[in-house]
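Protein chains in written order, with the working numbering: chain U, 1 to 139; chain L, 140 to 466. C-beta: ideal position from N, C-alpha, C; glycine also. Remarks on the structure that follows.
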Amino acid sequence: MSEYDPNIIAFLCNWCAYAGADLAGTSRLKYPSNVKSIRIMCSGRVDPVFILEALREGADGILVAGCHPGDCHYQSGNYKTNRKIRLLWRLLRELNMDPERVRFEHISASEGQKFADVVTDFVNELKVMGPNPLKGECQ
Amino acid sequence: MPVTERKLKFAFYWGASCGGCEIAVLDIDEKILDVAAAADILFWPVAVDTKYSDVEAMEDGFIDVCFFNGAIRTSEQEELAHLLRRKSGCLVAFGSCAAMGGIPGLANLANRDKIFETAYLDNPSTSNPGRTLPSKESRVKEGTLTLPEFHDRVRALHQVTDVDYFLPGCPPPTNLILEAVNAVIKGELPPKGSVIAPEKSVCEECRFEKSEKMLTEIRRIYEVEKVEDRCLLEQGIICLGPATRGGCSARCLDAYMPCTGCGGPTPNSMDQGGKMISALASILGLEGEEALPDEEIERLLDGIVDPVGTFYKYGLAAALINRRLEG
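Rendered as structure tokens:
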């Protein structure tokens, strides 16, 4: 196996985090290319099943990013996400899957730098953690 | 000869199960006589004395329909799954254990070594100074005794062999069993791979009124003095109704007990537990959540004492993450 390069699936909300990622790009900020972005209308749309499936299929990390508290375009989507992820963490802990593989961040449309920093930091963390133990099981 | 013009050839086997599924078939009461009139029971270890060798002697596809209940834990069960698959025209994963691992599947939180340790070595009611563990072969003076191998993991039937239909439930409701039997007799079978149950959730069959939900506390059933005549979730009792396929007429709810999920995931859902986490987290909240620190949310979640046992009581073996990972 070649050197392990973490594979990250990012669910980014249309109104804040995705625009933040866009800003990181238009500002020509550098961040690792390990992240595959999926745009969703609201982080509240992220069903824990999406995350479980991504882990099952071998993703090393999952980033869910939405608006800051109080900024949700749909009022309460990001609060729901917060609770979903926290409950999911508890499940993952029991299954001995490192909950730190699932990360939830608030990134606003003006925080291109934060997006770049979060991705950089997450990639470094995942490199220390090593590959997802389920990798290869599905193929 | 088509099945309509002769007796149905029927088999019923149990893997890792409790025997409740067999009782459920007998629960159709006097209609069992109709089944006996319409069917030849070729193989049913709990009720009929047929040997494995008798099944092996049958032509392939000789059995019209085989209900297989119980999960796959041992090499014997696996062997029988393959054998019955070969000998049966239609193989039905009967009950939650065969369909998705069932309660035996929760043992995937441990592995064989840990299970043996608890069952045979390390428990207060066992004295085992020789530290004897079951082994595949043991020599005694009369010869060699063999036992089936105990696998490291529990699997659902479809994870071992090709399954035609799924009939979940712990045990499957009588009306669905009859529906399945009639469908086979009349040859009116749904597309292969179908779950023989309605395409709706338990909530849709539940008689309790539901309103806008906002859960501010989670309570276990024993902590509730009197369950009221309304949605149990709204009373803070975790009920898997929203994430569970119906077909049971919400019988547990009629007895004021929450749904624990034996019907398996709702149609088109990949993972019952994940769906329930989604549903529960969406309605779990406190007033003024904008200003709430995360510690308050954690305190709320502390009410869920056993996430895997609550969300995957019957479905861990077939879940997206189907076991506790090693290491």
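By DSSP, does Lys148 (chain L) sit in helix, in strand, or in coil? Position 9 of the second sequence, counted from the start, is the residue given in the question as residue 148 (chain L). DSSP places Lys148 (chain L) in strand when its eight states are reduced to three.
Out of curiosity, what's the CA-to-CA distance linking Asp22 (chain U) and Gly209 (chain L)? Here residue 22 (chain U) corresponds to residue number 22 of the first sequence, with the count starting at 1. Here residue 209 (chain L) corresponds to residue number 70 of the second sequence, with the count starting at 1. If I take the Cα positions, the gap works out to 52 Å.
Contact set for Val302 (chain L): own chain, Cβ-Cβ below 7 Å, skip 5 residues either direction: On the second sequence, position 163 is the one that residue 302 (chain L) refers to. Closer than 7 Å at Cβ, skipping near neighbours: Leu230, Ala232 and Leu296.
Secondary structure of Glu105 (chain U), DSSP reduced to three states: Within the first sequence, numbered from 1, the residue matching residue 105 (chain U) stands at position 105. Glu105 (chain U) falls in the strand class under three-state DSSP.
Would you mind sorting Met1 (chain U) into buried or exposed? The rule is 16 or more other CB atoms within 10 Å of its CB. Here residue 1 (chain U) refers to the residue found at position 1 when the first sequence is read from its first residue. Confidence at Met1 (chain U) is low in this model, with a pLDDT of 49, below 50, so the placement of that residue should be treated as unreliable; the coordinate-derived value is given next. When all chains shown are included, Met1 (chain U) counts as exposed.
For Glu367 (chain L), which of L:Ala394, L:Ser388 and L:Val185 has the nearest alpha-carbon? The residue labelled residue 367 (chain L) in the question sits at position 228 within the second sequence. Checking every option, the nearest Cα to that of Glu367 (chain L) belongs to L:Ala394.
Let's see if you can read the secondary structure: which residues bound the alpha helix (DSSP H) around Val164 (chain L)? Within the second sequence, numbered from 1, the residue matching residue 164 (chain L) stands at position 25. Taken as a continuous stretch (DSSP letters only), the alpha helix (DSSP H) holding Val164 (chain L) covers Gly159 to Leu165.
Does DSSP put Met1 (chain U) in a helix, in a strand, or in coil? Here residue 1 (chain U) refers to the residue found at position 1 when the first sequence is read from its first residue. Note that Met1 (chain U) has pLDDT 49, beneath the 50 cutoff, so the model's placement of it is unreliable and the number below is only indicative. Three-state DSSP puts Met1 (chain U) in coil, outside helix and strand.
Any Cβ of chain U within less than 8 Å of the Cβ of Glu351 (chain L)? The sequence position of residue 351 (chain L) within the second sequence is 212, counting from 1. No, its Cβ sits nowhere closer than 8 Å to a Cβ of chain U.
Taking only beta-carbon atoms, is Glu429 (chain L) less than 8 Å away from chain U? Within the second sequence, residue 429 (chain L) is the residue found at index 290, counting from 1. Glu429 (chain L) counts as touching chain U.
Which residues, taken in chain order from the segment 63 to 77 of chain U, show a beta carbon closer than 8 Å to some beta carbon of chain B? The chain labelled as chain B is not found among the protein chains of the depicted structure, namely U and L.
In terms of DSSP beta bridges, what is Ser340 (chain L) paired with? In the second sequence, residue 340 (chain L) corresponds to position 201, counting from 1. DSSP output for Ser340 (chain L) lists L:Arg384 as bridge partner(s).
Determine the closest residue to Asp199 (chain L) out of L:Thr355, L:His221 and L:Val334, with distance taken between C-alpha atoms. In the second sequence, counting from the first residue as 1, residue 199 (chain L) sits at position 60. The shortest Cα separation from Asp199 (chain L) among L:Thr355, L:His221 and L:Val334 belongs to L:His221.
Quick one, which of U:Gly130, U:Ala116 and U:Pro131 has its alpha-carbon nearest Lys30 (chain U)'s? For this step, residue 30 (chain U) is matched to residue 30 along the first sequence. Measuring from the Cα of Lys30 (chain U), the nearest candidate turns out to be U:Ala116.
Would DSSP call Thr81 (chain U) helix, strand or coil? Taking the first sequence and counting its residues from 1, the one referred to as residue 81 (chain U) is at position 81. If DSSP states are grouped into helix, strand and coil, Thr81 (chain U) belongs with the helices.
Residues of the segment 288 to 308 of chain L with Cβ closer than 9 Å to any Cβ of chain U, in chain order: none
Length at least 4, wholly inside the segment 210 to 243 of chain L: the alpha helix (DSSP H) runs in chain order: 214 to 226 and 234 to 239
Euclidean distance between Cα positions of Leu328 (chain L) and Ile8 (chain U): Residue 328 (chain L) sits at position 189 when you count from the first residue of the second sequence. Residue 8 (chain U) sits at position 8 when you count from the first residue of the first sequence. C-alpha separation (whole angstroms): 43 Å.
Touching or not, the segment 117 to 124 of chain U and the segment 27 to 43 of chain U, by the rule of three or more beta carbon pairs under 8 Å? yes
Just how far apart, CA to CA, sit Met197 (chain L) and Glu338 (chain L)? As a first step, residue 197 (chain L) is located in the second sequence; it is residue number 58 there, counting from the start. As a first step, residue 338 (chain L) is located in the second sequence; it is residue number 199 there, counting from the start. Their backbone Cα atoms lie some 36 Å apart in a straight line.
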